[in-house]
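In the UniProt record's numbering, the protein residues as written are 1 to 153.
All C-beta atoms in this analysis are idealised placements derived from N, C-alpha and C, irrespective of residue type, glycine included.
Working notes, beginning with the structure itself.
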(Lines of atoms letter the chains of each structure in order from A; the text may use other names.)
(Lines give C-alpha, C1' and ligand atoms only; values in the text may rest on other atoms or scores of the structure.)
Protein backbone atom coordinates (compact mmCIF):
# COMPACT_ATOMS: atom_id res chain seq x y z
CA UNK A 1 0.00 0.00 0.00
CA UNK A 2 2.87 2.36 0.76
CA UNK A 3 4.15 1.97 -2.80
CA UNK A 4 0.74 2.86 -4.23
CA UNK A 5 0.51 6.02 -2.14
CA UNK A 6 3.76 7.35 -3.61
CA UNK A 7 2.17 7.35 -7.08
CA UNK A 8 -0.43 9.94 -6.00
CA UNK A 9 0.68 13.49 -6.92
CA UNK A 10 1.62 15.50 -3.82
CA UNK A 11 1.64 12.52 -1.47
CA UNK A 12 5.42 12.58 -0.99
CA UNK A 13 5.23 16.18 0.23
CA UNK A 14 2.46 15.23 2.67
CA UNK A 15 4.38 12.24 4.03
CA UNK A 16 7.41 14.51 4.56
CA UNK A 17 5.51 16.29 7.38
CA UNK A 18 6.72 14.92 10.70
CA UNK A 19 3.84 12.98 12.26
CA UNK A 20 2.00 12.16 9.01
CA UNK A 21 2.30 8.60 7.69
CA UNK A 22 1.53 7.05 4.33
CA UNK A 23 -1.54 5.38 5.85
CA UNK A 24 -2.87 8.82 6.83
CA UNK A 25 -2.32 10.16 3.32
CA UNK A 26 -3.94 7.05 1.81
CA UNK A 27 -6.99 7.50 4.04
CA UNK A 28 -7.19 11.19 3.16
CA UNK A 29 -7.14 10.48 -0.58
CA UNK A 30 -9.55 7.56 -0.17
CA UNK A 31 -12.14 9.90 1.32
CA UNK A 32 -11.50 13.00 -0.80
CA UNK A 33 -10.40 11.61 -4.14
CA UNK A 34 -8.42 13.74 -6.57
CA UNK A 35 -7.67 17.20 -5.15
CA UNK A 36 -8.01 18.81 -8.58
CA UNK A 37 -11.79 18.31 -8.23
CA UNK A 38 -11.83 21.00 -5.53
CA UNK A 39 -11.41 24.72 -6.12
CA UNK A 40 -10.79 25.62 -2.49
CA UNK A 41 -9.74 23.75 0.68
CA UNK A 42 -12.94 24.93 2.36
CA UNK A 43 -14.81 22.48 0.14
CA UNK A 44 -12.84 19.61 1.69
CA UNK A 45 -13.44 21.05 5.16
CA UNK A 46 -17.16 21.05 4.42
CA UNK A 47 -16.93 17.52 3.00
CA UNK A 48 -15.44 16.41 6.32
CA UNK A 49 -18.16 18.21 8.31
CA UNK A 50 -15.63 20.46 10.04
CA UNK A 51 -17.24 23.76 9.05
CA UNK A 52 -18.57 25.88 11.89
CA UNK A 53 -22.21 26.67 12.58
CA UNK A 54 -23.69 29.22 14.94
CA UNK A 55 -26.52 28.00 17.16
CA UNK A 56 -28.92 30.92 17.43
CA UNK A 57 -32.60 31.69 17.48
CA UNK A 58 -33.95 35.21 17.81
CA UNK A 59 -31.94 36.97 20.48
CA UNK A 60 -30.43 33.71 21.80
CA UNK A 61 -26.86 33.02 20.75
CA UNK A 62 -25.49 29.61 21.68
CA UNK A 63 -22.10 28.02 21.23
CA UNK A 64 -20.49 27.66 17.84
CA UNK A 65 -20.04 24.00 16.92
CA UNK A 66 -19.01 21.96 13.89
CA UNK A 67 -21.78 20.77 11.60
CA UNK A 68 -20.80 17.05 11.52
CA UNK A 69 -22.59 16.84 8.17
CA UNK A 70 -20.11 15.05 6.03
CA UNK A 71 -17.81 12.10 5.92
CA UNK A 72 -17.42 10.73 9.41
CA UNK A 73 -14.30 8.71 8.59
CA UNK A 74 -12.52 11.72 7.10
CA UNK A 75 -13.38 13.82 10.15
CA UNK A 76 -12.19 11.04 12.45
CA UNK A 77 -8.97 10.55 10.47
CA UNK A 78 -8.11 14.25 10.60
CA UNK A 79 -8.84 14.44 14.34
CA UNK A 80 -6.74 11.35 15.05
CA UNK A 81 -3.84 12.83 13.08
CA UNK A 82 -4.11 16.25 14.76
CA UNK A 83 -3.53 14.81 18.24
CA UNK A 84 -0.08 13.24 17.63
CA UNK A 85 0.88 16.16 15.38
CA UNK A 86 0.41 18.50 18.34
CA UNK A 87 2.83 16.33 20.35
CA UNK A 88 5.55 15.47 17.84
CA UNK A 89 5.57 18.27 15.24
CA UNK A 90 7.08 21.49 16.59
CA UNK A 91 5.01 23.81 14.38
CA UNK A 92 1.70 22.17 15.27
CA UNK A 93 2.77 22.07 18.94
CA UNK A 94 3.25 25.85 18.92
CA UNK A 95 -0.03 26.35 17.09
CA UNK A 96 -1.89 24.14 19.61
CA UNK A 97 -0.33 26.08 22.49
CA UNK A 98 -1.34 29.36 20.85
CA UNK A 99 -4.96 28.25 20.38
CA UNK A 100 -5.16 27.04 24.00
CA UNK A 101 -3.54 30.07 25.66
CA UNK A 102 -4.34 33.11 23.50
CA UNK A 103 -5.64 36.10 25.43
CA UNK A 104 -8.95 36.55 23.61
CA UNK A 105 -11.12 33.49 22.98
CA UNK A 106 -8.85 30.63 24.13
CA UNK A 107 -10.01 27.25 22.87
CA UNK A 108 -10.52 24.04 24.83
CA UNK A 109 -8.44 20.98 23.96
CA UNK A 110 -10.91 19.40 21.53
CA UNK A 111 -11.69 22.74 19.90
CA UNK A 112 -7.98 23.23 19.34
CA UNK A 113 -7.67 19.80 17.71
CA UNK A 114 -10.57 20.66 15.38
CA UNK A 115 -8.79 23.91 14.45
CA UNK A 116 -5.59 21.91 13.80
CA UNK A 117 -7.57 19.45 11.66
CA UNK A 118 -8.90 22.31 9.56
CA UNK A 119 -5.37 23.70 9.22
CA UNK A 120 -4.10 20.27 8.16
CA UNK A 121 -6.72 20.07 5.40
CA UNK A 122 -5.56 23.43 4.07
CA UNK A 123 -1.93 22.29 4.18
CA UNK A 124 -2.75 18.99 2.45
CA UNK A 125 -4.66 20.88 -0.25
CA UNK A 126 -1.75 23.23 -0.98
CA UNK A 127 0.81 20.41 -0.95
CA UNK A 128 -1.39 18.25 -3.18
CA UNK A 129 -2.18 20.91 -5.76
CA UNK A 130 1.03 22.96 -5.88
CA UNK A 131 3.41 20.10 -5.00
CA UNK A 132 5.55 22.39 -2.84
CA UNK A 133 7.36 21.44 0.36
CA UNK A 134 5.95 21.97 3.85
CA UNK A 135 7.48 24.76 5.93
CA UNK A 136 6.65 25.18 9.61
CA UNK A 137 7.88 28.77 9.57
CA UNK A 138 5.51 29.64 6.75
CA UNK A 139 2.61 27.92 8.52
CA UNK A 140 3.21 29.95 11.68
CA UNK A 141 3.90 33.21 9.82
CA UNK A 142 0.30 34.47 9.95
CA UNK A 143 -0.10 33.82 13.70
CA UNK A 144 0.81 37.18 15.31
CA UNK A 145 1.99 35.96 18.73
CA UNK A 146 4.15 33.15 17.34
CA UNK A 147 5.68 35.20 14.51
CA UNK A 148 6.86 37.92 16.94
CA UNK A 149 8.48 35.31 19.19
CA UNK A 150 10.34 33.80 16.22
CA UNK A 151 11.55 37.24 15.05
CA UNK A 152 13.03 37.97 18.49
CA UNK A 153 14.85 34.61 18.62
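Which of helix, strand or coil DSSP assigns to residue i
i           : result
residue 128 : helix
residue 44  : helix
residue 29  : helix
residue 70  : coil
residue 51  : coil
residue 18  : coil
residue 57  : strand
residue 62  : strand
residue 104 : coil
residue 134 : coil
residue 90  : helix
residue 9   : coil
Close Cβ partners of residue i (< 6 angstroms) along its chain, the five nearest in sequence each way excluded
i          : result
residue 67 : 49, 51, 53
residue 19 : 84, 85, 88, 89
residue 70 : 47, 48, 49
Cβ neighbour criterion (16 or more within 10 Å) applied to residue i
i           : result
residue 237 : Any question about residue 237 goes unanswered here, given that the chain covers just 1 to 153.
residue 11  : buried
residue 105 : exposed
residue 60  : exposed
8 angstroms CB neighbourhood of residue i in its chain, flanking five on each side removed
i           : result
residue 112 : 86, 96, 99, 100
residue 62  : 54, 55, 56
residue 126 : 41, 132
Proximity test, residue i beta-carbon vs the ligand MG heavy atom, cut-off 7 angstroms
i         : result
residue 6 : Annotation note on the ligand MG: not contained in the displayed structure, which lists no ligands.
Check whether residue i and residue j have beta carbons under 8 angstroms apart
i           : j           : result
residue 117 : residue 78  : yes
residue 133 : residue 16  : yes
residue 128 : residue 35  : yes
residue 43  : residue 131 : no
residue 41  : residue 122 : yes
Exercise. Contact between the region 16-27 and the region 48-58: three or more CB pairs below 8 angstroms?
Worked result: The region 16-27, when compared against the region 48-58, does not touch it at the 8 angstroms Cβ threshold.
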